[in-house]
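The listed protein sequences correspond, in order, to chains A and B.
If you read the first sequence in this note's numbering, its first letter stands for residue 1, the second for the next number, and so on.
If you read the second sequence in this note's numbering, its first letter stands for residue 1001, the second for the next number, and so on.
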Amino acid sequence: MRIAAGVDVGSTQTKAILVKENGGPSPVILARALTDTGANVRKAAENAFEECCRTAGISTSDVGFVVGTGYGRYKISFGNAQMTEISCHAKGAHFLCPGTRTVIDMGGQDAKAISVGPSGEVLDFVMNDKCAAGTGRFLANAADVMGLSLDEIGQVSLQAKRPVKIATVCTVFVESDILSYLAQGKRGEDILGGVHLAIAKRTLSLARRVAIEPEITMTGGVARNVGMVRALEEVLGCPLKISPDAHFMGAVGAALFALEKLGQSFEAGVWRDTHAVSSGD
Amino acid sequence: MADIPATEYRGGIHQRQKELMLDWYGQLDQAAQKGDPPTVSMMVSGNCVELLEGFGAVPIYPEVNALQLAIRHQSLDPILAAEDMGYAPDNCAYVKADIGCYVKGITPTGGKMPKPTLVLCNFVGCNTYAKWFEHVAALTGAPLYMLDVPFLRNDQPSQADIDYVVRQLHEVVALLERLTGRTFDYARFQQAVDWSRQTEEVWSQIKHLSQHVPSPFDAYFDAITLMGPLYVHRAKREGLEFFQAALAEFQQKCDLKQGIYDQEKFRLVFEGPPPYPHFRTFRDMFAKWKACAVASTYSTVGGLWEFGFRHDPERPFESVAMHMLAHNVTNRNYLQRYEQIHRYVKEWKADGIIVHFVKSCRLFSAGQGDMRDYFTKKLGIPTLYIESDLEYPRYFSEAQIKNRIDAFFESLEHAKHTGSRVAQEVHV
Chain A
1 MRIAAGVDVG
11 STQTKAILVK
21 ENGGPSPVIL
31 ARALTDTGAN
41 VRKAAENAFE
51 ECCRTAGIST
61 SDVGFVVGTG
71 YGRYKISFGN
81 AQMTEISCHA
91 KGAHFLCPGT
101 RTVIDMGGQD
111 AKAISVGPSG
121 EVLDFVMNDK
131 CAAGTGRFLA
141 NAADVMGLSL
151 DEIGQVSLQA
161 KRPVKIATVC
171 TVFVESDILS
181 YLAQGKRGED
191 ILGGVHLAIA
201 KRTLSLARRV
211 AIEPEITMTG
221 GVARNVGMVR
231 ALEEVLGCPL
241 KISPDAHFMG
251 AVGAALFALE
261 KLGQSFEAGV
271 WRDTHAVSSG
281 D
Chain B
1001 MADIPATEYR
1011 GGIHQRQKEL
1021 MLDWYGQLDQ
1031 AAQKGDPPTV
1041 SMMVSGNCVE
1051 LLEGFGAVPI
1061 YPEVNALQLA
1071 IRHQSLDPIL
1081 AAEDMGYAPD
1091 NCAYVKADIG
1101 CYVKGITPTG
1111 GKMPKPTLVL
1121 CNFVGCNTYA
1131 KWFEHVAALT
1141 GAPLYMLDVP
1151 FLRNDQPSQA
1161 DIDYVVRQLH
1171 EVVALLERLT
1181 GRTFDYARFQ
1191 QAVDWSRQTE
1201 EVWSQIKHLS
1211 QHVPSPFDAY
1221 FDAITLMGPL
1231 YVHRAKREGL
1241 EFFQAALAEF
1251 QQKCDLKQGI
1261 YDQEKFRLVF
1271 EGPPPYPHFR
1281 TFRDMFAKWK
1291 ACAVASTYST
1301 VGGLWEFGFR
1311 HDPERPFESV
1321 AMHMLAHNVT
1331 NRNYLQRYEQ
1341 IHRYVKEWKA
1351 DGIIVHFVKS
1361 CRLFSAGQGD
1371 MRDYFTKKLG
1381 IPTLYIESDL
1391 EYPRYFSEAQ
1401 IKNRIDAFFE
1411 SLEHAKHTGS
1421 RVAQEVHV
């Protein structure tokens, strides 16, 4: 059985995925690995890939093809080909959620909206430009000011009763906005509710530049933030599809492209039998 | 990373282009040293270089100086010098580079730049020029004439518009007679208009050669090489001869079915000027995909001739006015620009459109977001929108731009292979 890998070197974290033919119409995921990217992009990619292989109990030489994606894709010394994360997120999202027509990807330093065709191809896309508003970095800064971890703030924001209005979506100046509300004695959950809502609205205006069509699948590390998911669903007015592998979606798509390079064809959606896809509805 | 295919076509015309441009800078240097020939500082868009020939005067184009600096990676110092004077970070970077050059005494070739005999603000489309040329006049002490060219509100200018511009051209003639002490040579002016007519005919033929598959040259990156002689020399015999030589070279490539790559994979239409400080890097991003520009709006900034307009020696003043009013992309309205791009896509058989938004040029770039939506959503033509600047080297995020370009070509490639919606709706 042929094995392929996708390595997504993002600005904050590096993700690796191994996929394998299973004799049927669809491949299976053998292993996942996640590591902080840090300053040494090349090393981060190697670490994630090697850890993935260790987890799967295979040698790196067993992997027939590796596709790199993400901003550090050209630094992957062992990669056989590169694809942008835009194509990879569309590919991965279409495979895991075949009804996907729009992808909203929120990563560490960028946010993007992708219009996806019926076979998982990219029809159109927009990204944030030269500004970290609407990204994981914005939320990380907000968490720092609130003295909470990034994993906590989403849950806390769900408790908001009267979300404050955050005037800025600037990743730097949001700190002074938050400090101002803290000085006024506003409740932490209402401040975080406001932070999440501000980003959701910003993301909505970005996504409107492509045709927003259901189903909408959210990908990227920020998809793990339940507060962000709910805020986005609120402004979009419809549920989001969230795969358990949302964080790995770029790597999943890259691995599928890699498998295609090995000559494997497969059907979308069969994975759903073994990997539950949650829906916000 | 994949190897970048060699893209630059280096024929005889490139050497001749260098000679022509160096000769021009030489004349400007001579004017600075000896006060002769007379010089006129002018805007490229819809320029009236033919009129200058009636005085044996030489044009100074601040935009050409600015882009020459940027492409040689020398634009940041003068820009910062202008900002030190109080120009805002989001002012037009061409203006800041030009003003900074005057302040610091910088020229693209290291030669001298003369004090213009006249600063002629042929105010076509770009209202920033009014202030820019006022500042140049103030810095140099040269007299200023504000030649007001009404914006094209309808498909064609009114007779009143034409008369209004012609009257101003007559005033410029009288003013230059006084400033240069020379009598306007009408016959030479008429001859210059005729050289322009012939040059424009050849240039138009060149631009139609890129309808061939593969295109014999890149109508964005290579066209820029040809734009200098087009604006400086088109009203002279040597300008006509230069373009005749270019036509012969490109025609030969067509006959041999030679493109700019071993295999042309994508055909594009470009809107907006290139990021000159990162010109090579930017070009390579398209070369990697073997993508060739087959048409561009930027190459029509100085004049739009491929759709039929020509200067007319029988009506020299009127045809110069018509050129300024209606036959350069800057003074035309947005719907006309849409139509121009759409014609390029259809008649030049393009796969998609690249819109390059220039951050410090609000006038040319305003509305390009809507333009992207129009072509993508209304017409189904794949359109990529990217942002940087034509002069300010700091407004260029290589990784982000590269990512967008790669993703655009990945989707085009997929569509070509599968015949899916994107590709099918390209030629509407």
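Heads up, the beta-carbon is just placed ideally off N, CA and C, and yes, glycines get one too.
Computed from a predicted model, the values in this text were never measured in an experiment.
Going by beta carbon distance, what residues of the same chain come within less than 8 angstroms of residue i, once the five residues before and after it are set aside?
| i | result |
| --- | --- |
| A:G136 | T12, M106, G107, G108, Q109, L150, G220, G221 and V222 |
| A:A167 | D177 |
| B:I1386 | I1354, V1355, H1356, F1357, I1401, R1404 and I1405 |
| B:A1031 | P1037, P1038, T1039, V1058 and P1114 |
| B:E1410 | none |
| A:M1 | K20, E21, N22 and G23 |
| B:L1152 | L1325, A1326, N1331, R1332, N1333 and Q1336 |
| B:Q1205 | L1247 |
How long is the line joining the alpha carbons of residue i and residue j, rounded to whole angstroms?
| i | j | result |
| --- | --- | --- |
| B:L1020 | B:G1228 | 9 angstroms |
| B:T1433 | B:Q1017 | The shown model of chain B, from 1001 to 1428, leaves out residue 1433 of chain B, and the question about it has no answer. |
| B:K1265 | B:A1287 | 10 angstroms |
| B:Q1168 | B:I1162 | 10 angstroms |
| B:M1371 | B:E1339 | 11 angstroms |
| A:G147 | B:D1351 | 51 angstroms |
| B:D1406 | B:E1413 | 10 angstroms |
| B:K1402 | B:Y1129 | 32 angstroms |
| A:L30 | A:R162 | 45 angstroms |
| B:R1404 | A:T14 | 20 angstroms |
| B:E1391 | B:T1199 | 29 angstroms |
| B:D1373 | A:R209 | 7 angstroms |
| A:G72 | A:Q159 | 37 angstroms |
| B:N1091 | B:E1306 | 32 angstroms |
| B:L1179 | B:Y1102 | 22 angstroms |
| B:A1235 | B:L1118 | 19 angstroms |
| B:G1012 | B:F1242 | 10 angstroms |
| B:R1362 | B:P1089 | 13 angstroms |
| B:Q1074 | A:L197 | 44 angstroms |
| B:A1291 | B:A1081 | 38 angstroms |
| B:Q1191 | B:P1313 | 7 angstroms |
| B:I1079 | B:A1399 | 24 angstroms |
| A:A7 | A:I86 | For the record, residue 7 of chain A in the displayed sequence is Val; it is not Ala. Going by the C-alpha atoms only, they are around 14 angstroms apart. |
| A:A143 | A:V174 | 11 angstroms |
| B:A1415 | B:K1349 | 16 angstroms |
Short of 7 angstroms in beta carbon distance, which residues of its chain neighbour residue i, apart from the five on each side in sequence? Order them along the chain.
| i | result |
| --- | --- |
| B:A1223 | S1296 and S1299 |
| A:S279 | In this prediction, A:S279 has a pLDDT of 40, which is less than 50 and means its spatial position is unreliable; what the coordinates show is noted afterwards. Contacts found: P239 and K241. |
| A:L204 | V235 and L236 |
| B:V1124 | M1043, S1045, G1046, V1149, M1324, N1328, T1330 and N1331 |
| B:L1230 | W1203 and G1302 |
| B:C1254 | L1209, H1212 and P1216 |
| A:V229 | M218, A223, L240, I242 and G280 |
On the premise that residue j lies in contact with residue i, defined as a C-beta separation below 8 angstroms, what is that separation, rounded to the nearest angstrom?
| i | j | result |
| --- | --- | --- |
| B:F1270 | B:Y1220 | 4 angstroms |
| A:A16 | A:A48 | 4 angstroms |
| A:T35 | A:E50 | Not confirmed; about 10 angstroms, so no contact. |
| A:V63 | A:L18 | 7 angstroms |
| B:I1060 | B:P1143 | That pair is no contact at about 14 angstroms. |
| A:I199 | A:F248 | A:I199 to A:F248, Cβ: 22 angstroms. No contact. |
| B:P1275 | B:F1396 | 6 angstroms |
| B:Y1145 | B:L1120 | 5 angstroms |
| A:A207 | A:A113 | 4 angstroms |
Identify the residues that DSSP records as bridge partners of residue i: which are they?
| i | result |
| --- | --- |
| A:S11 | Its beta-bridge partners do not exist; DSSP assigns none. |
| A:I216 | A:T102 and A:L240 |
| B:V1040 | B:P1059 and B:L1118 |
| B:C1048 | According to DSSP, B:C1048 bridges with nothing at all. |
| B:M1146 | B:C1121 |
| B:F1266 | B:A1291 |
Looking only at its chain, what residues have a beta carbon closer than 6 angstroms to the beta carbon of residue i, apart from the 5 residues adjacent to it on each side?
| i | result |
| --- | --- |
| A:L192 | I153, V156 and S157 |
| B:N1065 | P1108 |
| A:L123 | S115 and G117 |
| B:G1111 | Y1025 and D1029 |
| A:D190 | A160, R162, P163 and V164 |
In the segment 64-90 of chain A, which residues sit with their C-beta less than 7 angstroms from some C-beta in chain B, listed in chain order?
Y71, Y74, M83, T84, I86 and S87
Identify each residue in the segment 188-214 of chain A for which the Cβ-Cβ distance to at least one residue of chain B is less than 8 angstroms, and report them in chain order.
The residues in question are R209 and A211.
Residues of the segment 113-124 of chain A with Cβ closer than 7 angstroms to any Cβ of chain B, in chain order
G117, S119, E121, V122, L123 and D124
Counting only Cβ-Cβ distances shorter than 8 angstroms, please list the residues of the segment 1402-1413 of chain B near chain A, keeping chain order.
N1403, R1404, D1406, A1407, E1410 and S1411
The segment 1278-1300 of chain B: positions lying closer than 7 angstroms to chain A by Cβ:
none
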